[in-house]
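Residue 0 in numbering that gives the first Met the number 0 sits at position 1 of the sequence shown, and the numbers go up by one each step.
The beta-carbon is built from N, C-alpha and C at its ideal position, and this holds for glycine as well.
Predicted model, so just to flag it, every value in this text is computed and none were measured.
Okay, so here's the structure we're looking at.
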Amino acid sequence: MPKLLLSKGYEVHGLVRRSSTFNTSRIDSIYVDPHDPDARLFLHYGDLSDSEQIANVMYNIRPDEVYHLGAQSHVRVSFDTPEYTGNVTALGTTRLLEAIRRSNNPVKFYQASSSEMFGAAVPPQSETTVFHPRSPYACAKVYSYWMTRNYREGYNLFASNGILFNNESPRRGETFVTRKITRAIAHILAGKEKFLYLGNLDAKRDWGFAPEYVECMWRILQQEKADDFVIGTGETHSVREFLHESFDYVGLDVEEHVRIDPKYFRPTEVEVLVADAEKSGKVLGWKPTIKFADLVKIMVDADMKTAGLEPIGKGDGIIRTKFPHRWWKCD
Ligand code: F7E
């Protein structure tokens, strides 16, 4: 998101949780020393559990647009930390909305709602589908969704929900299933590990390419009126399909390298998610172009590059796969 906003000429301010180790590696490629007169990206310490600091930042910066993407966002982890997840993922939204309301500035607010809110609802899922959340994370997101609508209706704030289905890229966190698979492939090929341990392979997700989704978030805040939008590809694939597509791409055998570990099963699973994104197509003029097979290639290629793998074969820069090889540059 910051990269897109910078490319559109925005000055961008971000909130960073204090940590004794560096935790900003995913924005390294766009970071500029704030002493540089051309710097347009600024980071501030803060935390979604700290309303005072959120209010301070809102007061000092006086933003025009706020993209609320922060959360404890791991669904499996939310079963282990339900209270923390509620505090950050649910109440964090209220803290931001309250800070905006009290600032009396005409701020436009984007809430990162999630397809997880649909949970057990029958697919395909659209803006009118009734939510049936199946995890503490999803319950927290449903709360945030309704708080966003409540502040829109009660205080006339420009507050919109983007209900995004799974969006992936080489920047995806390493413990989400797509990245866990593509990273393991690179590590297996590099001889660093032999087995990949996974949970439920039958769950189906509507996986799209994250850089295409951020454009959509921006368009949601450029509308005349605040509203809610479902964003996804309209295609669904199982974790098993992702596994086979990516292992086949590099010529590895799933049976030889993949094992099931029940610790990755969830007490309640979301079986099938498929977006009905017709409204986004019509109102926002948005259509995703990168679909499942390309997404797999992009992510596998990026992880192989990160693992420092030499091309396999004749030294002609080609990794031997079933498909034409193409590096995808992540930054
Ligand atoms: O799981 C199954 C798992 O953790 C996808 C978050 O960004 O997208 C994400 O939520 C599926 C599930 O993503 C493993 O049971 C099998 O059915 O990659 P995930 P998620 O739960 O769909 C939504 C839109 C968000 O909003 C969330 O913040 O894969 N699965 N084996 C596994 N999942 C993980 N993580 N690890 C496994 O070993």
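Asked: Beta-ladder partner(s) of Gly207, from DSSP; Found: Asn166
Asked: First through last residue of the alpha helix (DSSP H) which encompasses Glu51; Found: Ser50 to Ile60
Asked: Nearest-angstrom Cα separation, counted from Asp300 out to Gly316; Found: Bear in mind that the predicted position of Gly316 carries a pLDDT of just 38, short of 50, making it too unreliable to give a figure here.
Asked: Segments of 4+ residues assigned as alpha helix (DSSP H) that fall wholly inside the region 82 to 130; Found: 91 to 102
Asked: Any non-hydrogen atom of the ligand SAH closer than 7 Å to Ala202 Cβ; Found: As far as ligands go, the structure on display features the ligand F7E and does not contain the ligand SAH.
Asked: Reference Tyr154, options Lys286, Leu47, Ile99 and Ile60, closest by Cα; Found: Ile99
Asked: CB of Met146 within 8 Å of CB of Thr92, strictly; Found: yes
Asked: 6 Å CB neighbourhood of Lys2 in its chain, flanking five on each side removed; Found: Ile29
Asked: Proximity of His131 and Ala119 at Cβ, strictly below 8 Å; Found: yes
Asked: Helix, strand or coil at Glu192 according to DSSP, with G and I counted as helix; Found: coil
Asked: Whole-angstrom distance between Glu126 and Arg170, CA atom to CA atom; Found: 28 Å
Asked: Integer-rounded CB distance, given that Gly161 should sit under 8 Å from Met116; Found: 12 Å between Cβ atoms; not a contact.
Asked: Contacting residues, own chain, Cβ-Cβ under 6 Å from Leu4 (five flanking each side not counted); Found: Val11
Asked: Unbroken alpha helix (DSSP H) run spanning Arg171, endpoints; Found: Element bounds for Arg171: n/a, residue is neither H nor E.
Asked: Straight-line Cα distance separating Lys193 from His256; Found: 6 Å
Asked: Cβ pair count under 8 Å reaching 3, the region 240 to 260 against the region 194 to 205; Found: yes
Asked: Assigned secondary structure, Val257 (DSSP; H/G/I helix, E/B strand, else coil); Found: strand
Asked: Chain-order list of residues whose beta-carbon lies under 7 Å from that of Asn331 (same chain, five-residue window excluded); Found: Because the chain is modelled from 0 through 330, residue 331 falls outside the range shown and cannot be assessed.
Asked: Start-to-end residues for the beta strand (DSSP E) that takes in Tyr331; Found: Any question about residue 331 goes unanswered here, given that the chain covers just 0 to 330.
Asked: Any non-hydrogen atom of the ligand F7E within 7 Å of Phe164 CB; Found: yes
Asked: Endpoints, the alpha helix (DSSP H) within which Phe291 is located; Found: Phe291 to Thr305
Asked: CB of Val238 within 8 Å of CB of Ala209, strictly; Found: no
Asked: Contact test: Val295 Cβ vs the ligand F7E heavy atom, cutoff 7 Å; Found: no
Asked: Val15, DSSP secondary structure in three states; Found: strand
Asked: Anticipated Cβ contact below 8 Å, Ile219 with Tyr109, distance rounded; Found: 6 Å
Asked: Asp27 classed as buried or exposed, judged by whether at least 16 other C-beta atoms fall within 10 angstroms; Found: exposed
Asked: Any 3 or more C-beta pairs closer than 8 Å across the region 183 to 192 and the region 246 to 255; Found: yes
Asked: Extent of the continuous alpha helix (DSSP H) run through His243; Found: Val238 to Val249
Asked: The region 230 to 237 contacting the region 273 to 287, beta-carbon criterion three pairs below 8 Å; Found: yes
Asked: Backbone secondary structure at Phe264 - three-state DSSP; Found: coil
Asked: C-alpha distance - Asp260 paired with Gly172, whole-angstrom precision; Found: 20 Å
Asked: Three-state class that DSSP yields for Trp217 in the structure shown; Found: helix
Asked: Alpha-carbon to alpha-carbon, Phe157 and Phe264; Found: 39 Å
Asked: Residue environment, Gly207, which counts as buried when at least 16 other CB atoms sit within 10 Å; Found: buried
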